[in-house]
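Comments concern the structure below.
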């Protein structure tokens with residue numbers, strides 16, 4: 028008998044009507060003979076309601092107490108979903124993170140799972156019950172309530188699937204799978220039947236909000252096949268797993284992009300060892316995360332150094348960089364927050380030359396100027412003026428035949 | 028250093044503003060040097076919101092899951108109150124019923140407390156922290172969440188006070204104490220400085236909704252002094268404790284009344300042994316609780332048998348009694364749901380004759396007909412036509428000088 032972990036996000040359980048619909052979905056899966064463990068998020072809106080209450084009292088709520096507060100959101104959903112299952116005659120039992128001992132470290136608001144005690148769950152499954160577990164939350168060794176941070180329910184689902192050695196972890200959401208690119212930008216975007224963990228990580232880190240990075244990392248680490256699918260429409264969704272040797276690998280799986288970045292350059296920096304640290308140290312000290320970093324070869328003893336940050340951090344980073352510029356005796360600082368990062372992602376590119384040149388050719392054909400380039404084993408990213416976003420995505424989608432199924436690519 | 032358990036009900040924590048006000052109250056108590064454990068209810072309205080959600084899914088929600096759901100209400104309050112205390116610079120730590128191991132039996136929705144593990148609380152108190160505990164909830168030996176039923180937060184507070192050997196358990200509510208009678212009926216009603224557990228039980232069981240009976244029983248059993256006081260206004264409230272030998276005992280502490288009853292009489296019942304069981308057995312089988320029972324001596328081999336039930340059960344009880352009447356060959360059945368029960372309560376009446384006659388005299392003076400009489404060691408109850416309620420209460424209040432302080436009575 029196959030064991031599946033289902034995860035339903037906030038929108039999927041956003042009302043009692045939708046919770047009943049989720050119960051129907053579980054009933055169908057049971058009729059197929061599956062054993063099911065369900066992980067749920069708080070009803071959409073509930074977490075924000077709780078945070079608003081907290082902030083009426085404390086601008087920066089105490090981290091331990093915030094977790095005690097937020098954990099109630101998922102606890103409400105597990106109880107309501109079990110009631111809906113009982114109403115349909117399905118035996119079901121709910122557990123909070125503390126009750127199934129999702130043991131975490133003590134990092135309130137962003138705790139990491141250390142261990143899961145699967146005894147109670149295994150017992151219930153053996154007695155043909157559906158087990159419903161609150162996502163997003165855990166408990167420390169001392170019995171304190173913790174939460175896992177953004178996307179924590181996905182992490183709970185994957186961790187449970189790993190601990191229970193589930194056949195698949197099904198992430199039910201409001202989209203029906205992972206697409207070659209954002210369908211709002213490229214109407215020809217196509218749902219992928221499958222994608223590798225590594226590709227999904229690159230897609231996720233570039234702003235495809237289908238899955239949180241941590242849960243994909245976790246799934247990859249423990250080799251838990253993940254499937255993203257819609258809780259509102261039928262369909263196979265997208266399977267995220269390791270690449271199989273005998274499957275024809277597409278060159279490119281998709282095109283990701285990110286409009287949330289801004290670019291900063293320090294020009295005419297004396298080219299000395301340790302210069303990168305002197306530039307990025309103060310940025311890191313200000314808790315600003317840096318994404319792309321490009322440094323070109325030096326000319327005349329000076330170099331130009333460019334990096335990107337989240338657009339929200341642009342002003343602050345610019346200020347820091349100006350004072351660094353004076354300290355280092357660099358020539359000047361330039362910045363631009365009207366940029367976009369576009370990336371080709373695909374494990375296939377590992378073994379194929381010419382992807383980059385084909386990409387640059389496609390962009391050149393449209394007269395799009397490339398401001399920065401950065402590459403990894405399975406990704407090529409370029410930074411462009413943001414006005415070119417749609418044009419760039421569509422021309423690349425076409426150039427790599429992404430609207431056709433993988434086999435034909 | 029004195030240890031106090033504070034309990035704040037739903038109205039007292041009904042908004043973030045009120046929660047801040049509760050925090051102020053705790054700050055003041057700390058400034059007096061008290062060690063404090065706080066028990067809170069769910070914010071007013073929250074429990075009803077949760078029950079409504081449950082009933083959208085199941086007309087009769089699954090008892091286990093209902094407790095998982097309802098327990099979130101108090102969990103929200105403990106977190107918010109701790110935030111409010113932190114905001115005022117007071118170290119505080121919250122605990123759910125499960126976290127401090129308020130161990131209960133498995134009777135979901137109306138669990139009984141079996142044991143409390145006070146280790147964590149004692150540790151926190153030793154480190155000068157305010158400990159905030161979720162009322163109304165506990166946990167079974169298997170780690171399942173339970174709730175204690177109506178008034179459960181009072182029970183939690185009293186049980187904690189008993190387990191911690193607290194000096195007093197302060198029940199903060201929206202009234203400033205226990206009154207000689209309902210001030211809405213008798214404007215001269217006076218707040219009592221103290222009252223005994225036994226008197227309070229009689230008052231509570233007669234509809235004074237200040238405290239739940241179970242918590243008063245519990246406090247009496249473990250000799251925990253209870254104090255009822257207002258969370259909105261300053262004042263000493265009313266202390267509920269055992270009578271002290273050297274305190275001048277008032278004859279009468281108060282006048283309680285109950286408008287929720289209805290009276291049923293079966294007339295001309297053959298006076299045989301076992302007749303009371305034959306009449307009340309079918310009533311009990313229908314889960315109808317009986318309050319007063321009066322049977323007078325038999326005449327001519329038949330007797331009349333009268334009892335009272337909750338007004339909601341009147342129609343059902345009447346129906347049952349009619350079929351019993353036919354079975355037993357009794358003459359007829361009569362009933363009246365326009366009655367009220369008025370009771371004099373006071374430990375002092377134990378040692379004083381003449382209370383009853385003084386009571387009947389006062390009622391006779393106003394031309395009030397007494398339909399039933401029932402007495403206990405510290406209570407005399409009469410059933411009257413409900414139209415006489417206000418008149419009866421006021422004339423008794425005056426006859427026993429209840430508007431004057433105890434010593435003068």
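Protein chains in written order, with the numbering used here: chain C, 28 to 436; chain L, 28 to 436. All C-beta atoms, glycine included, are put in the ideal place defined by N, C-alpha and C.
Here residue 417 of chain C is actually not in contact with residue 286 of chain C; their C-beta atoms are around 11 angstroms apart, not less than 8 angstroms.
In the DSSP assignment, residue 295 of chain C falls within the beta strand (DSSP E) that extends over 288-297.
By the 16-neighbour rule on beta-carbons within 10 angstroms, residue 299 of chain C is exposed.
Under the rule that a run must span 3 or more residues, the beta strand (DSSP E) segments found entirely inside the stretch 30-82 of chain L read 30-35 and 62-67. In the three-state DSSP reduction, residue 403 of chain C falls in the strand class (E or B).
Between residue 277 of chain L and the set L/210, L/379, L/188 and L/185, the nearest pair of CA atoms involves L/379. Chain C places a beta carbon closer than 9 angstroms to that of residue 109 of chain L, counting this residue as a contact. Taking a C-beta distance under 9 angstroms as the contact criterion, residue 108 of chain C and residue 61 of chain C do not qualify as a contact pair. The alpha-carbon of residue 370 of chain C is positioned some 16 angstroms away from that of residue 290 of chain C.
Using a CB distance cut-off of 9 angstroms, residue 81 of chain L counts as an interface residue toward chain C.
In the three-state reduction of the DSSP assignment, residue 150 of chain L falls in the helix class. Exclusion of the five residues before and after residue 313 of chain C leaves 343 and 347 as the residues of its chain whose Cβ lies within less than 7 angstroms of its Cβ. Boundaries of the beta strand (DSSP E) around residue 368 of chain L: 366-372.
For residue 114 of chain L, the nearest CB of chain C lies under 9 angstroms from its own CB, placing it at the interface with that chain.
Put simply, the CB of residue 181 of chain L is far from chain C, with every gap to its CB atoms at 9 angstroms or more. In the three-state scheme derived from DSSP, where H, G and I count as helix and E and B as strand, residue 102 of chain L is classed as helix. For residue 174 of chain L, the enclosing beta strand (DSSP E) stretches over residues 172-174. Between the stretch 109-123 of chain L and the stretch 72-84 of chain L there are fewer than three inter-stretch CB-CB distances shorter than 8 angstroms, so the stretches are not counted as touching. If you compare the alpha carbons of L/270, L/409 and L/404 with that of residue 397 of chain L, the shortest gap goes to L/409. Put simply, the backbone Cα of residue 393 of chain L is about 11 angstroms away from that of residue 420 of chain L. For the stretch 90-107 of chain C, the set of residues with a beta-carbon nearer than 9 angstroms to any beta-carbon of chain L comprises 91, 92, 93, 94, 95, 96, 97, 98, 99, 100, 102, 103, 105, 106 and 107, in chain order. The C-alpha of residue 180 of chain L is placed about 8 angstroms away from the C-alpha of residue 164 of chain L.
Residue environment analysis places residue 256 of chain L among the buried positions, since at least 16 neighbouring C-beta atoms fall within 10 angstroms of its C-beta.
For residue 431 of chain C, not one C-beta of chain L is nearer than 9 angstroms to its own C-beta. Residue 218 of chain C and residue 198 of chain C have their C-alpha atoms spaced approximately 15 angstroms apart.
The straight-line gap separating the alpha-carbon atoms of residue 79 of chain C and residue 159 of chain L is approximately 21 angstroms. Here DSSP, grouped into helix, strand and coil, assigns residue 246 of chain C to helix. With a 10 Å radius around the Cβ and a threshold of 16 neighbouring Cβ atoms, residue 144 of chain L comes out exposed. Listed in chain order, the beta strand (DSSP E) elements of length 3 or more contained wholly in the stretch 186-214 of chain L are 195-200.
Nearest C-alpha to residue 195 of chain L among L/131, L/254 and L/402: L/254. Contact annotation, residue 142 of chain L with residue 176 of chain L: C-beta distance approximately 18 angstroms; criterion of less than 8 angstroms not satisfied. Counting every other CB atom within 10 Å of its CB across the protein chains shown gives residue 425 of chain L a total below 16, marking it as exposed. The bridge partners DSSP lists for residue 360 of chain C are C/293. Using beta-carbon distances, residue 171 of chain L counts as an interface residue toward chain C, with a partner under 9 angstroms. For a Cβ distance threshold of 9 angstroms, nothing in chain L lies close to residue 62 of chain C: the least Cβ distance comes to about 20 angstroms.
For the stretch 34-48 of chain C, the set of positions with a beta-carbon nearer than 9 angstroms to some beta-carbon of chain L reads 42, 43, 44, 46 and 47 in chain order.
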